[in-house]
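Q: Okay, here's the structure, questions in a sec.
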Amino acid sequence: MFITDIRKEFYDVVVNQRVALLVSSDIDALCACKILQALFHCDQVQYTLVPVTGWQDLGTAFLEHKEQFRYFVLINCGANVDLLETLQPEEDSIFFICDTHRPVDVVNVYNDTQVKLMIKQDDDLGVPSYDDIFRDEEEEGGDDSGNESDGGSEPSGKRRRYDEVCYAAAMVIFELAWVLTKDTKDMLWWAIIGLTDQWVHDKITHMKYVTDIATLQRHVSRHNHRNEDEDNSLSIDCMRISFEYDLRLALYQHWSLFESICNSSYTSCNFKLWSMHGQKKLQEFLADMGLPLKQVKQKFNSMDMSVKENLREVIEESSNKYGMKDIRIQTFGVHFGFKNRFLASDVVHAAAALLESTEKDDSPGDNFIKALDCLSRSNLERLHGGIDLAKKKLMAIQQTVASCICTNLILSQGPFLYCYLLEGTPDVKLFSKPMALTLLCKYLLKAFVRSTRNKRCKLLPLIIAAPMNVEKRTVIVLGIPPESETSDKKNFFGRAFEKAAESTSSRTLHDHFDTSIIELKMEDRTKFLDALITLLS
17 MFITDIRKEF
27 YDVVVNQRVA
37 LLVSSDIDAL
47 CACKILQALF
57 HCDQVQYTLV
67 PVTGWQDLGT
77 AFLEHKEQFR
87 YFVLINCGAN
97 VDLLETLQPE
107 EDSIFFICDT
117 HRPVDVVNVY
127 NDTQVKLMIK
137 QDDDLGVPSY
147 DDIFRDEEEE
157 GGDDSGNESD
167 GGSEPSGKRR
177 RYDEVCYAAA
187 MVIFELAWVL
197 TKDTKDMLWW
207 AIIGLTDQWV
217 HDKITHMKYV
227 TDIATLQRHV
237 SRHNHRNEDE
247 DNSLSIDCMR
257 ISFEYDLRLA
267 LYQHWSLFES
277 ICNSSYTSCN
287 FKLWSMHGQK
297 KLQEFLADMG
307 LPLKQVKQKF
317 NSMDMSVKEN
327 LREVIEESSN
337 KYGMKDIRIQ
347 TFGVHFGFKN
357 RFLASDVVHA
367 AAALLESTEK
377 DDSPGDNFIK
387 ALDCLSRSNL
397 ERLHGGIDLA
407 KKKLMAIQQT
417 VASCICTNLI
427 LSQGPFLYCY
437 LLEGTPDVKL
447 FSKPMALTLL
457 CKYLLKAFVR
467 STRNKRCKLL
477 PLIIAAPMNV
487 EKRTVIVLGI
497 PPESETSDKK
507 NFFGRAFEKA
517 AESTSSRTLH
527 DHFDTSIIEL
537 KMEDRTKFLD
547 ALITLLS
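Under the working numbering, the sequence shown has 325 at position 309, and the numbering climbs by one with no breaks.
Written out as structure tokens, the structure reads:
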């Protein structure tokens, strides 16, 4: 069931209990977890934190902790399947779910005793009424398989799920802190990073992003106003959050301007930097700004003050001439003390790179702790380390995009575009991770839409496959909706993947919380694809 009063129905219930905190591996979940941890520290709530990467992990974590714990808090996992059927808990286990994955499973909505959804409800969400869903079970033969019907015509499809807009989990938990009047600047900064994560990884529409930024901006001005009265606003360890209208250039303040322009998807797709013509256009763009190449190619920190002063305005003016009308975006920046300044997107990229690091043989658990650490302001070294990893990752993504487009690796398969990264591709290990592969897939589709002359191809979704585990001979497969400014980001591949795997009895593993990502045996790739083509045609 939906929780209407998060303080009364969630926080007051768990505040004197021991809680198991099961947190999914994404940045928004990490931020929500940080805020909740801070609240638990305030009230001395005992909790155990367990990172979970997928459904199997979640099942194992539940089995290990169900004896000691009655209350489970699930962050960014658990809402989009019938949870009680999946975990088979005892009658007295209670699950509080704060999850951005859609669509929500209707069985969770109508379970009044054990499943509590901490999901902010906007107006009418189109939740089908109880009778509509659960009537005539016998007539349908109890058919329960329709998880997400395409047209919503089959009763079973209607029975299972419904969609709605989603708020970042970190924003939901921050609102709880605010209602409890325990919100701090750190918590607000984490809420901002949670929202920015949804924007960076393209999970929400631009409209939704702007609306949520406005909500957070009110909180920021409230906090800044509160701090003006205190004397320590200039101390060396102070923290200042500011609303910024900044550039859509990834990590540019920690890189050189030139490298940032080359490795940000927005600029690289607009210039088509994978072509000679695009490289020439970039040189013209730099000349148009009147910035000396020596300045543009050195570290941002070392650039002349005279150049840096009105840099954003200069870049914006030239960008407008080159068709990049929205090079600037509403976001937030933070100052720690005097010298450390970060934009929210810097932190998202850094934390994501740490979370999916493939450099050392660290376990997912180690990476989770590192990523969680880099969000604390006491741990700026870890954050800088994450930023260095993120630069490598963005460069790898751009090089892979360029090589896929120049060697025509993106094929039109009828109802969708398809790209397969071969085993020997450089950095291919990096793309066995879901967030890195998602970013690559989004950038690749944007770049392809810019470069193709085929009108029909511009409207197609993209499926990408990359080697996952060479010993086990598995690939990771991911589908994203067509590229469009106005799209609602709804992704229907989850159900299609399930059906295609079923009809061809392909050996697949649907373990990700995001249903549009699956693992598949290499040998079954061809028949799986053929089934998808038939299914979606």
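We put the beta carbon where it would ideally sit given N, CA and C, even for glycine.
Is the separation between the beta-carbon of glutamate 106 and that of lysine 82 shorter than 8 Å?
A: Counting from one through the sequence shown, the residue named residue 106 turns up at place 90. Counting from one through the sequence shown, the residue named residue 82 turns up at place 66. The answer is yes: Cβ separation under 8 Å.
Q: Please state whether the Cβ-Cβ distance between isoleucine 135 and valine 122 is less than 8 Å.
A: Position 119 of the sequence shown, counting from 1, holds the residue named residue 135. Position 106 of the sequence shown, counting from 1, holds the residue named residue 122. Taking 8 Å as the cut-off, the beta carbon of isoleucine 135 is found no closer than this to the beta carbon of valine 122.
Q: Look at the Cβ atom of alanine 452, then the Cβ atom of glutamate 325, and state whether they are nearer than 8 Å.
A: In the sequence shown, counting from the first residue as 1, residue 452 sits at position 436. In the sequence shown, counting from the first residue as 1, residue 325 sits at position 309. Not a contact, by the Cβ cut-off of 8 Å.
Q: Put glycine 495 into one of helix, strand or coil per three-state DSSP.
A: Sequence index remark: in the sequence shown, residue 495 carries index 479 (1-based). Note: glycine 495 maps to strand in three-state DSSP.
Q: For the beta strand (DSSP E) that contains aspartate 262, what are its first and last residues?
A: Here residue 262 is taken as the residue at index 246 of the sequence shown, counted from 1. Note, aspartate 262: beta strand (DSSP E), 255 to 263.
Q: Looking at the secondary structure, which residues open and close the beta strand (DSSP E) in which proline 67 lies?
A: If you number the sequence shown from 1, residue 67 lands on position 51. Its beta strand (DSSP E) spans residues 62 to 68.
Q: Of the residues Val30, Gln72 and Cys93, which one's Cα is nearest the Cα of leucine 46?
A: On the sequence shown, residue 46 is found 30 positions in, with the first residue counted as 1. Among Val30, Gln72 and Cys93, the Cα nearest to that of leucine 46 is on Cys93.
Q: Just checking my contact of alanine 230 with isoleucine 209 at CB under 8 Å: how many whole Å lie between their CB atoms?
A: Taking the sequence shown and counting its residues from 1, the one referred to as residue 230 is at position 214. Taking the sequence shown and counting its residues from 1, the one referred to as residue 209 is at position 193. 17 Å between Cβ atoms; not a contact.
Q: Any chance you could list the beta strand (DSSP E) runs of at least 3 consecutive residues sitting entirely within the region 113 to 140, in chain order?
A: 131 to 133
Q: DSSP on threonine 524, reduced to helix/strand/coil?
A: On the sequence shown, residue 524 is found 508 positions in, with the first residue counted as 1. If DSSP states are grouped into helix, strand and coil, threonine 524 belongs with the strands.
Q: Indicate whether glutamate 313 and phenylalanine 274 have their beta-carbon atoms separated by less than 8 Å.
A: Here residue 313 refers to the residue found at position 297 of the sequence shown. Here residue 274 refers to the residue found at position 258 of the sequence shown. In the sequence under discussion, the amino acid at residue 313 is lysine, which differs from the glutamate named in the question. Yes, Cβ-Cβ distance for lysine 313 and phenylalanine 274 is below 8 Å.
Q: Near serine 40, what residues of its chain come up, given a Cβ to Cβ distance below 7 Å and the 5 sequence neighbours on each side ignored?
A: The residue labelled residue 40 in the question sits at position 24 within the sequence shown. Answer for serine 40: Val68, Ile91, Asn92, Cys93 and Phe529, listed in chain order.
Q: Helix, strand or coil for asparagine 395? Go by DSSP, reduced to three states.
A: In the sequence shown, residue 395 corresponds to position 379, counting from 1. In this structure, asparagine 395 counts as helix in the three-state DSSP scheme.
Q: So alanine 547 and threonine 524 are supposed to be a Cβ contact under 8 Å. How far apart are they, rounded?
A: Position 531 of the sequence shown holds residue 547. Position 508 of the sequence shown holds residue 524. Contact doesn't hold; Cβ gap of about 11 Å is too wide.
Q: Could you pull the start and end residues of the alpha helix (DSSP H) that glutamate 80 belongs to?
A: Locating residue 80 in the sequence shown gives position 64, where the first residue counts as 1. Residues 71 to 81.
Q: Select from Ile257, Leu475, Val226 and Lys198 the residue whose C-alpha is nearest the C-alpha of histidine 241.
A: Here residue 241 is taken as the residue at index 225 of the sequence shown, counted from 1. Measuring C-alpha to C-alpha distances from histidine 241 to each of Ile257, Leu475, Val226 and Lys198 identifies Ile257 as the nearest.
Q: Within the same chain, show all residues whose beta-carbon is closer than 7 Å to that of valine 555, passing over the 5 residues directly before and after it, in chain order.
A: The chain is shown only over 17 to 553; residue 555 falls outside these bounds and no answer can be derived.
Q: Would alanine 463 pass as a contact of serine 361 if the rule is Cβ separation under 8 Å?
A: Position 447 of the sequence shown, counted from the first residue, corresponds to residue 463. Position 345 of the sequence shown, counted from the first residue, corresponds to residue 361. Taking 8 Å as the Cβ cut-off, alanine 463 and serine 361 do not qualify as a contacting pair.
Q: Which first and last residues belong to the alpha helix (DSSP H) in which isoleucine 209 is found?
A: Looking up residue 209 in the sequence shown gives position 193. Residues 201 to 216.
Q: Using a 10 Å radius around the Cβ and a threshold of 16 neighbouring Cβ atoms, would you call aspartate 218 buried or exposed?
A: Within the sequence shown, numbered from 1, the residue matching residue 218 stands at position 202. It is buried - the Cβ of aspartate 218 has at least 16 other Cβ atoms within 10 Å.
Q: Just the C-alpha distance for aspartate 21 and aspartate 304, rounded to the nearest angstrom, thanks.
A: Locating residue 21 in the sequence shown gives position 5, counting from the first residue. Locating residue 304 in the sequence shown gives position 288, counting from the first residue. Whole-angstrom Cα-Cα distance: 55 Å.
Q: Within 10 angstroms of its Cβ, does leucine 309 collect 16 or more other Cβ (buried), or is it exposed?
A: As a working note, residue 309 is residue 293 in the sequence shown. Leucine 309 should be labelled exposed.
Q: Answer with buried or exposed for arginine 398, where buried requires no fewer than 16 other C-beta atoms within 10 angstroms of its C-beta.
A: Working through the sequence shown from its first residue, we reach residue 398 at position 382. Buried: at least 16 other Cβ atoms inside 10 Å.
Q: Over the uninterrupted alpha helix (DSSP H) stretch that includes valine 594, give me the two end residues.
A: Nothing about residue 594 can be read from this structure; the chain reaches only from 17 to 553.
Q: Please state whether the Cβ-Cβ distance between isoleucine 277 and leucine 52 is less than 8 Å.
A: Taking the first residue of the sequence shown as position 1, residue 277 is located at position 261. Taking the first residue of the sequence shown as position 1, residue 52 is located at position 36. Not in contact: isoleucine 277 and leucine 52 (Cβ atoms no closer than 8 Å).
Q: I believe phenylalanine 85 touches arginine 34 by the beta-carbon criterion, under 8 Å. Please report the beta-carbon distance rounded to the nearest angstrom.
A: As a first step, residue 85 must be located in the sequence shown, where it is residue number 69. As a first step, residue 34 must be located in the sequence shown, where it is residue number 18. About 6 Å separates the two Cβ atoms, so the contact holds.
Q: Keeping to the same chain, check which residues put their C-beta closer than 6 Å to that of histidine 222; ignore five residues upstream and five downstream.
A: Counted from its first residue, the sequence shown places residue 222 at position 206. If we look at histidine 222 and ignore the five residues flanking it on each side, it has no Cβ neighbours.
Q: Just verifying my parser: in three-state terms, what is the DSSP assignment at glutamine 429?
A: For the purposes of this step, residue 429 is taken as the residue at position 413 of the sequence shown. Looking at glutamine 429 - three-state DSSP - the assignment turns out to be coil, as it is neither helix nor strand.
Q: What does the Cβ neighbour count give for leucine 204, buried or exposed, with the cut at 16 atoms within 10 Å?
A: Position 188 of the sequence shown, counted from the start, is the residue given in the question as residue 204. Buried, since its Cβ has 16 or more Cβ neighbours within 10 Å.
Q: Of the choices Phe111, Met484, Phe358 and Phe354, whose alpha-carbon is the least far from that of aspartate 128?
A: One-based indexing of the sequence shown puts residue 128 at position 112. Answer by Cα proximity: Phe111.
Q: Quick one: what's got a C-beta closer than 7 Å to lysine 201's C-beta in the same chain, skipping five residues either side?
A: Taking the sequence shown and counting its residues from 1, the one referred to as residue 201 is at position 185. His239, Met255 and Ile257.
Q: Just to confirm my understanding: we take serine 206, look at its own chain, exclude 5 residues before and 5 after, and list those with CB closer than 6 Å. What are they?
A: The count along the sequence shown starts at 1 and reaches residue 206 at position 190. The residue you asked about is not serine; residue 206 is tryptophan in the sequence shown. By the criterion of a C-beta distance shorter than 6 Å, tryptophan 206 is surrounded in its chain by Cys47, Lys50, Ile51 and Ala186, once the five residues flanking it on both sides are discounted.
Q: Whole angstroms are fine: how far does the CA of serine 281 sit from the CA of leucine 100?
A: Position 84 of the sequence shown, counted from the first residue, corresponds to residue 100. Position 265 of the sequence shown, counted from the first residue, corresponds to residue 281. Spanning the two alpha carbons is a distance of roughly 41 Å.
Q: Check whether the Cβ atoms of alanine 512 and valine 493 sit closer than 8 Å, and answer yes or no.
A: Taking the sequence shown and counting its residues from 1, the one referred to as residue 512 is at position 496. Taking the sequence shown and counting its residues from 1, the one referred to as residue 493 is at position 477. No; because the gap between Cβ atoms is not below 8 Å, this pair is not in contact.
Q: If you check the beta carbons only, do leucine 461 and leucine 437 fall under 8 Å apart?
A: Position 445 of the sequence shown, counted from the first residue, corresponds to residue 461. Position 421 of the sequence shown, counted from the first residue, corresponds to residue 437. Not in contact: leucine 461 and leucine 437 (Cβ atoms no closer than 8 Å).
Q: Please report the straight-line C-alpha distance between isoleucine 345 and arginine 264, rounded to a whole angstrom.
A: Position 329 of the sequence shown holds residue 345. Position 248 of the sequence shown holds residue 264. In a straight line, the C-alpha of isoleucine 345 is about 6 Å away from that of arginine 264.
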